[in-house]
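Comments concern the structure below.
There are 2 protein chains.
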Amino acid sequence: MSVNQREIGRRTLFAEIRRHGRIPRINLAELTGISRATVTTITAELLREGLIEEVMSESSDKGRGRPKVDLKVRGAARLIAGGKISNRSVSLVLLDFEGTQLAGHEVELDQTAHESGELAALLAGHVGELAEKIDRSLADVAGFGLGIAGIVDAPRGFVHWSPSLTARNVEFGKILTATLGIPVFLDNDANLVAMAEKSFGLGQGHSDFIVVTIESGVGMGVVINDEIYRGTRGCGAEFGHTKVQLEGALCRCGQRGCLEAYVADYALLREAMSASGGQDSRQVEELLAAAKGGDAVAGSIVERAGRMFAMGLANLVNIFDPELIILAGEQMQASHLYAEEVIEVMRKLIVQVDKAPPEVVVHKWGNQMWARGAAAYALDNVSELALQEMKDHVA
Amino acid sequence: MSVNQREIGRRTLFAEIRRHGRIPRINLAELTGISRATVTTITAELLREGLIEEVMSESSDKGRGRPKVDLKVRGAARLIAGGKISNRSVSLVLLDFEGTQLAGHEVELDQTAHESGELAALLAGHVGELAEKIDRSLADVAGFGLGIAGIVDAPRGFVHWSPSLTARNVEFGKILTATLGIPVFLDNDANLVAMAEKSFGLGQGHSDFIVVTIESGVGMGVVINDEIYRGTRGCGAEFGHTKVQLEGALCRCGQRGCLEAYVADYALLREAMSASGGQDSRQVEELLAAAKGGDAVAGSIVERAGRMFAMGLANLVNIFDPELIILAGEQMQASHLYAEEVIEVMRKLIVQVDKAPPEVVVHKWGNQMWARGAAAYALDNVSELALQEMKDHVA
């Protein structure tokens, strides 16, 4: 067996064991097409490394014959952290190697945009504190996944732009890895929500779906063939800056006609201000309440945002034809965009065929879930690293 | 070795041999992680079935030692046909199992939309005639790939709608298979152009790219991770019907604001007619020539089409972040959409990062190339069938 064959086999078998939770050794050969002898060799290595463990099979307590054992990932093998940076807070979680949550906390931030070194130091402190909650330290964490808003080239850990950083074009992944002293895996936050939906949310069992997130901006995560689709330059899935109107409303990004320039909080407030000749000092919540209460101007503003959002969603459906769209977010104030009327407009704007339109579900959840998505991303990467380290041992 | 293991191994090895053109047996084990013994067993089976053959290695004519042999796909193993239905013509090609073109021809059609049974009979006749050109018959063809405009659910061979068929919701794949008496593989024509670009065009060596086609409508084929992306209901990649203007111009599909309603031939002529109070009887070619010649009204019509096309392309870039966009088509009259000015507008409308925008290339080619894409699709499917038949032999 060549080094390459052994490496492919190890990766295949470990992924299969993780996917099944627990599985008899004998089933692995059948499922993967790897010979029984090789399965035995490789699982022995994985057991020796402590990455997997044997447990009594649930089907073997029949009182006769040799007790059967299943293989499963060993939870204690690695400690994984995940985090999500929001506008004024950081959410953090710790998972074991099986993905079970061990601890979590929420930290307030005193500003939105940070100098990258300061933010890295701050995160190092908070991840360390979280580890101490379960009597471990930052150095015990095998990997930290972090979600951040903006345009992120995930494989390089490079941030083209983020509202959480004061500078553009930052090698933030490298800065984090150097500051925390552990491997850090950085991605766009909406991608990690998609990861979370896929791993333990409404995307379980779906191979192709889209997650749209609404916070202060509009984000998107796309899952194709069970994988996050990231584009080739780290700036795909920029749903918020697709154009819904040629030479339309000015967007914060400096361009015109972006979806965000019609549906984001600031866009609604700008409209209200403009309608009142600069006299409107309402917050978004008040504006939405007024629209619901029958205020004609507020109604017109909110309604247009909904129509533009529906048009953007319809374009995604026409392009991706997903089986499922998950509208995910924690802000209750985006409910006007998640409204059934908006989804109905979307259904009218998609290509009409004699087949049901994609299912649209609304999933409201807290920041801890975003952080768990980030941890799931780290878990994948740490697993890969663990298998590579093994390769070095053996070679 | 279980049936499943053998099947996976067979598929993996055959794909690897096809990908390399010619490859020494010994390299297959290293590349695939399959043991040398299994490689020997499976390649012996493939040789016995006549799907592959041994040829003298190009590196072995050094006059000493045992002559080395390479494995390659056996061209004579299967005969493959491909076709593309255009507005008023059908293009057809015949390939051997290696993908080498053996014959091709072009047939005029006397109308655009056909009854499905009649069109199937007509195609059966023309594929048969083509086979006779090389002294074979329709029954010798192992599979026929066909590209058709419209909304096609490829895995089911189901046509939701096509300008080439008089009826909607047609099981056209089944009708074709029954009429021709050979397996037929149907897909949207733009997907097959993407397949052609991937297999032997400008997409070679690219894993992620987008092909946009302009004929009477606007089509799109998306390649993600080396595969055509088809969506889940057979109606993805409907670029022509993404909305570029909420409640905008009326489209032939019955909806408003579709990209096609601004850039298709009929859209330009409608504008010219409307500007002249119904007096303008120019054809598209004349309108484009007038715009080039400085005619202000024609210029304004053509320019808006270009801006809308640029906006649609920019949205694709913001969503997919591809490394390459291929603008493919045979119609010279779409050159105003392929113009450098239009691409420049697109570059301004995409999310701005400190990285080069995706490469945009224009690839003008004839219908024979579309037909070759269809044949490439059939080649993939026939290979899969051939391997499945082997499984039945052995089991």
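Residue numbers (numbering that gives the first Met the number 0), protein chains in the order written: chain R, 0 to 394; chain Z, 0 to 394.
Ideal placement from N, C-alpha and C gives every residue a C-beta, glycine not left out.
- A straight-line Cα-Cα distance of about 10 Å links D320 (chain R) and V350 (chain R).
- Residue contact check for Q254 (chain R) against chain Z: a CB pair falls below 8 Å.
- Contacts between H335 (chain R) and chain Z, judged by CB atoms closer than 9 Å, are missing: the closest CB pair is about 17 Å apart.
- For M55 (chain R), the beta-bridge partners assigned by DSSP are R:V68.
- If you draw a straight line from the Cα of G277 (chain R) to the Cα of V296 (chain R), it is about 14 Å long.
- R155 (chain R) and G144 (chain R) have their C-alpha atoms roughly 14 Å apart.
- Here the alpha carbons of L185 (chain R) and F199 (chain Z) stand approximately 37 Å from one another.
- Selection Z:R167, Z:L164, Z:V106, Z:V183 evaluated against L137 (chain Z) yields Z:V183 as nearest (Cα-Cα).
- Residue pairing from DSSP places C257 (chain Z) in a beta bridge opposite Z:K242.
- In this structure, Z:N187 is the residue among Z:N187, Z:Q244, Z:S275 with its C-alpha nearest to the C-alpha of G235 (chain Z).
- Scanning Z:R229, Z:S215, Z:E214, Z:T212 for the CA closest to the CA of S206 (chain R) turns up Z:R229.
- Of the candidates R:L386, R:M194, R:K354, R:I147, the residue whose Cα lies closest to the Cα of G233 (chain Z) is R:K354.
- Neighbours of F319 (chain Z) in chain R, taken as residues whose beta carbon is under 7 Å from its own, are G230, G235 in chain order.
- Residue ranges of uninterrupted beta strand (DSSP E) with 3 or more members, entirely inside the segment 2-47 of chain R and ordered along the chain, are 21-23.
- When the beta-carbon positions are compared, L348 (chain Z) and Q254 (chain R) come within less than 8 Å of each other.
- Judged by DSSP secondary structure, N187 (chain Z) falls within the beta strand (DSSP E) whose first and last residues are 183-187.
- Excluding the 5 residues flanking it on each side, E48 (chain Z) has same chain C-beta neighbours closer than 6 Å at M389, in chain order.
- According to the DSSP assignment, K291 (chain R) belongs to the alpha helix (DSSP H) that extends over 283-291.
- Against chain Z, the beta carbon of L245 (chain R) has neighbours under 8 Å at V243, Q244, R306, M307, M310, listed in chain order.
- At a cut-off of 8 Å between beta-carbon atoms, A313 (chain R) makes contact with chain Z.
- Between T165 (chain R) and A119 (chain R), the C-beta gap is not smaller than 8 Å, which leaves the two residues out of contact.
- Contiguous beta strand (DSSP E) elements confined to the segment 308-382 of chain Z occur at 323-328, 358-363, taking only those with 3 or more residues.
- Around P357 (chain R), the same chain offers V316, D320, P321, E322, L323, I324 as residues with beta carbons nearer than 8 Å, after the five sequence neighbours per side are excluded.
- Per DSSP, the continuous alpha helix (DSSP H) segment holding G172 (chain Z) begins and ends at 171-179.
- Less than 8 Å divides the Cβ of N314 (chain R) from the Cβ of T241 (chain R).
- For G239 (chain R), the CB contacts under 6 Å within the same chain, skipping 5 residues up- and downstream, are G216, V217, L258, E259 in chain order.
- Under DSSP, L93 (chain R) takes part in a beta bridge, and its partners are R:A80, R:A102.
- Under a criterion of Cβ atoms nearer than 9 Å, the residues of chain R adjacent to F238 (chain Z) are, in order, N317, I318.
- Beta-carbon to beta-carbon, S115 (chain R) and F157 (chain R) are separated by about 12 Å, too far to satisfy the 8 Å threshold.
- Non-local beta-carbon contacts of V360 (chain R) in its own chain, meaning distances under 8 Å to residues more than five positions away in sequence, involve L201, L323, I324, I325, L326 in chain order.
- Taking every protein chain shown into account, the CB of L249 (chain Z) has fewer than 16 other CB atoms within 10 angstroms, so this residue is exposed.
- Looking at the backbone, the Cα of V54 (chain R) and that of H19 (chain R) are separated by about 14 Å.
- When secondary structure is reduced to three states using DSSP, H159 (chain R) falls in the strand class.
- For K354 (chain R), the closest Cβ of chain Z is nearer than 8 Å.
- Apart from sequence neighbours up to five positions away, the residues of its chain that approach T212 (chain Z) with a beta-carbon distance below 6 Å are A189, V192, G218, A327, G328, ordered along the chain.
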